[in-house]
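Structure first, then comments.
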Amino acid sequence: MNTIFRKSMLSVAGLAFAGGVFAGPIAAHANPADAKPVAVAVQSAPKPQGDQSRITLNDEQTANVKAIIAATKKAGLPERAAVISIATSLQESKLENLGHLGDMNDHDSLGLFQQRPSSGWGTPEQITDPEYSTTAFLKGLKQVDGWQDMPLTQAAQTVQVSAYPDAYAQWEQQATDLVAQHWNS
């Protein structure tokens, strides 16, 4: 079961229990004719869009997940920003810090997010630094109005401007799971 969903459900159950403990003695003395219905709003994590992909991570990729999470925390952003960042990196580089790939290189794209020095993302040395590249991505994300509430693929595409804008969505579940696993570690 999705960790964020499980935590949400446990929170709702805890609130329901606490409300019952608190309201139970009061309700026992209340006049049923005075009772009014109460609406409760529960916010859940966005549901991933479309078919999901998953890869097994090696030590380098796991270290890059932790670097993305650390940079997200340092920027003072919530877990959702880390999910979007990790899903973007999964799509762009499979969480591998790409150097120059020769003929296979997409223009001058480098690093975890395939950022391009020629597009103003930074120098090759900066872009291949996981903290710098994540911070640069997050800076772009923060400039997207409403990024917190939009579908992951839309938020990522607005920053990245990819030729494959819908491809980010396939990594949302794995990114969510990785953030749940490593956010507090």
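Taking our numbering, the leading residue of the sequence shown gets 151, the next gets one more, and so forth. Ideal Cβ positions, reconstructed from N, Cα and C, are used throughout, including at glycine.
Burial state of residue i (16 or more Cβ within 10 Å)
i	result
GLU281	exposed
GLU210	exposed
SER268	exposed
ILE205	exposed
Simplified DSSP assignment, three categories, for residue i
i	result
GLN331	helix
GLY261	strand
LEU291	helix
LEU302	helix
LEU245	coil
ILE236	helix
ASN214	helix
ASP209	helix
SER203	coil
ALA225	coil
TYR314	coil
ARG354	Residue 354 falls outside the range modelled here, since the chain spans only 151 to 335, and no answer is possible.
Own chain partners of residue i with C-beta closer than 7 Å, once the 5 adjacent residues on each side are dropped
i	result
TYR336	What is shown of the chain runs 151 to 335, which leaves residue 336 out entirely.
HIS291	Per the sequence shown, residue 291 should be read as Leu rather than His. Counting only Cβ-Cβ distances below 7 Å, and skipping sequence neighbours, we find ALA231, ILE234, TRP297, ALA305, VAL309.
ILE219	ALA232, VAL329, HIS332, TRP333
Contact check, residue i vs residue j, beta carbons under 8 Å
i	j	result
SER283	GLY261	yes
PHE287	VAL309	yes
GLN323	PRO198	yes
TRP321	SER203	yes
LEU245	VAL215	yes
THR212	ASN247	no
Cα-Cα separation, residue i to residue j
i	j	result
HIS332	ALA313	30 Å
ASN334	SER259	31 Å
ASP201	THR285	29 Å
LEU207	GLN264	19 Å
ASP316	ALA217	25 Å
LEU328	ALA221	15 Å
LYS223	GLY270	24 Å
Any non-hydrogen atom of the ligand GTP closer than 7 Å to residue i Cβ
i	result
ASP279	Absent from the structure shown: the ligand GTP. Ligands present: none.
Nonlocal neighbours in the same chain, by C-beta distance under 6 Å from residue i, ignoring five residues either side
i	result
PRO274	LEU260, PRO267
ALA325	VAL233, ILE236, ALA237
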